[in-house]
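What follows is one structure encoded as structure tokens, with my remarks underneath.
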Amino acid sequence: MCSAPRGYRSVDPEDLVKPEGMRGKDGTEMSATPLRETVVAAGQRTFTFVQFGPLPVISLRHVGSFRTLERTWRDLTGYTDACGLTRGAQLIGVVYDDPAHVPADLLRYDACVAVPGAGPDVLPRLPGGELPVRYETLGPVWAWRTTHHGPLDSLSDTYRRSLDSTAFQEQGVVAPCPRPPFYETYRSGLGTATADESWVDLHLPVP
17 MCSAPRGYRS
27 VDPEDLVKPE
37 GMRGKDGTEM
47 SATPLRETVV
57 AAGQRTFTFV
67 QFGPLPVISL
77 RHVGSFRTLE
87 RTWRDLTGYT
97 DACGLTRGAQ
107 LIGVVYDDPA
117 HVPADLLRYD
127 ACVAVPGAGP
137 DVLPRLPGGE
147 LPVRYETLGP
157 VWAWRTTHHG
167 PLDSLSDTYR
177 RSLDSTAFQE
187 QGVVAPCPRP
197 PFYETYRSGL
207 GTATADESWV
217 DLHLPVP
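Numbering (the numbering used here), first residue to last: 17 to 223.
Have a look at this one:
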């Protein structure tokens with residue numbers, strides 16, 4: 017199971033908000049955990065504090081350059097098509113490594129098809145009895161959600177701007193963790209939008 021990374025909150029944030037003016041042991045102001053649906057504006061970008069998951073998915077691991085993700089998605093959706101689970105399903109990517117710090121051939125990413133009403137018993141098995149993919153649950157994690165609209169090639173720029181903690185610090189709330197995992201929800205569908213019209217919701221968990 018893909019559970020919340022160690023240190024990520026998985027409880028109601030309303031129970032975690034620090035009293036106004038609370039300070040740490042060193043006397044510095046501590047960032048508060050925001051209320052659900054809190055919105056932070058940073059330039060033309062907005063962030064909403066939400067819970068991501070729990071979400072059952074069928075996933076397939078990709079290791080290598082993100083430029084070759086199409087092959088992994090083709091393998092996964094070919095499999096879920098055969099199960100009758102792809103049509104209308106939510107498609108999610110889980111990014112485990114930052115390409116700025118990890119060599120391209122070692123980057124890890126999970127391609128996921130959401131199956132909220134299904135269980136592992138619906139998945140066909142290979143002749144050897146092994147599942148060709150994993151059935152797991154993403155989250156729950158508390159995260160800042162923002163939307164990328166435009167070419168997928170510029171997604172890294174959206175990440176860079178989104179992980180700037182300045183706007184969150186100015187409002188006194190906890191900023192997104194600068195390290196993966198990050199969760200991408202493909203609102204426009206893979207391969208169905210033009211190069212300049214992709215819509216991707218980014219979920220950036222808090223530490």
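Every residue, glycine too, gets a C-beta built ideally from N, C-alpha and C.
Given residue i as reference, the closest of the options once Cα atoms are compared
{"i": "A98", "options": "W215, V216, P148, L171", "result": "P148"}
{"i": "L122", "options": "Q187, G100, R83", "result": "R83"}
{"i": "T201", "options": "H165, Y95, P115", "result": "H165"}
{"i": "G94", "options": "Q185, V129, A48", "result": "V129"}
{"i": "T49", "options": "L206, V189, R87", "result": "V189"}
{"i": "S172", "options": "F184, H117, E53", "result": "H117"}
{"i": "A220", "options": "R195, G205, G104", "result": "The sequence given here has Leu at residue 220, not Ala. For L220, the nearest C-alpha among the options comes from R195."}
{"i": "T54", "options": "F184, G100, L168", "result": "F184"}
Own chain partners of residue i with C-beta closer than 7 Å, once the 5 adjacent residues on each side are dropped
{"i": "D91", "result": "L76"}
{"i": "Y125", "result": "H78, F82, L85, G109, V110, V111, Y112"}
Span separating the alpha-carbon of residue i from that of residue j
{"i": "G133", "j": "F198", "result": "24 Å"}
{"i": "T162", "j": "Y112", "result": "18 Å"}
{"i": "F65", "j": "W215", "result": "19 Å"}
{"i": "Y151", "j": "I74", "result": "5 Å"}
{"i": "V131", "j": "V157", "result": "18 Å"}
{"i": "Q187", "j": "V56", "result": "8 Å"}
{"i": "L10", "j": "L206", "result": "Absent from the structure is residue 10, since the part of the chain shown begins at 17 and ends at 223."}
{"i": "P223", "j": "E213", "result": "31 Å"}
{"i": "G100", "j": "D180", "result": "41 Å"}
Contacting residues, own chain, Cβ-Cβ under 8 Å from residue i (five flanking each side not counted)
{"i": "R203", "result": "T163, W215, V216, D217"}
{"i": "Y175", "result": "F198, L218"}
{"i": "T182", "result": "A58"}
{"i": "G104", "result": "none"}
Residues of its chain near residue i, where Cβ-Cβ distance is below 6 Å and the 5 sequence neighbours each way are ignored
{"i": "E36", "result": "Low confidence applies to E36: its pLDDT is 36, below 50, so where it sits in the model is not reliable, and the reading given next is rough at best. If we look at E36 and ignore the five residues flanking it on each side, it has no Cβ neighbours."}
{"i": "D42", "result": "Any reading at D42 must be qualified, since the residue scores a pLDDT of 38, below 50, and its modelled position is unreliable; the value itself is stated next. No residues qualify anywhere along the chain."}
{"i": "Q106", "result": "A130"}
{"i": "Y24", "result": "Residue confidence for Y24 is low, a pLDDT of 30 falling below 50, so the modelled location carries little weight and cannot support an answer."}
Beta-carbon proximity check, residue i vs residue j, cutoff 8 Å
{"i": "W160", "j": "P115", "result": "no"}
{"i": "R61", "j": "S178", "result": "yes"}
{"i": "G155", "j": "F68", "result": "yes"}
{"i": "T96", "j": "T102", "result": "yes"}
{"i": "G80", "j": "A127", "result": "no"}
Uninterrupted alpha helix (DSSP H) stretches inside the segment 164 to 208 (no shorter than 4 residues): 171 to 178, 182 to 186
In chain order, each beta strand (DSSP E) run of at least 3 residues that lies wholly inside the segment 46 to 91: 55 to 58, 61 to 68, 71 to 79
Complete runs of the alpha helix (DSSP H) confined to the segment 88 to 119 [at least 4 residues]: none
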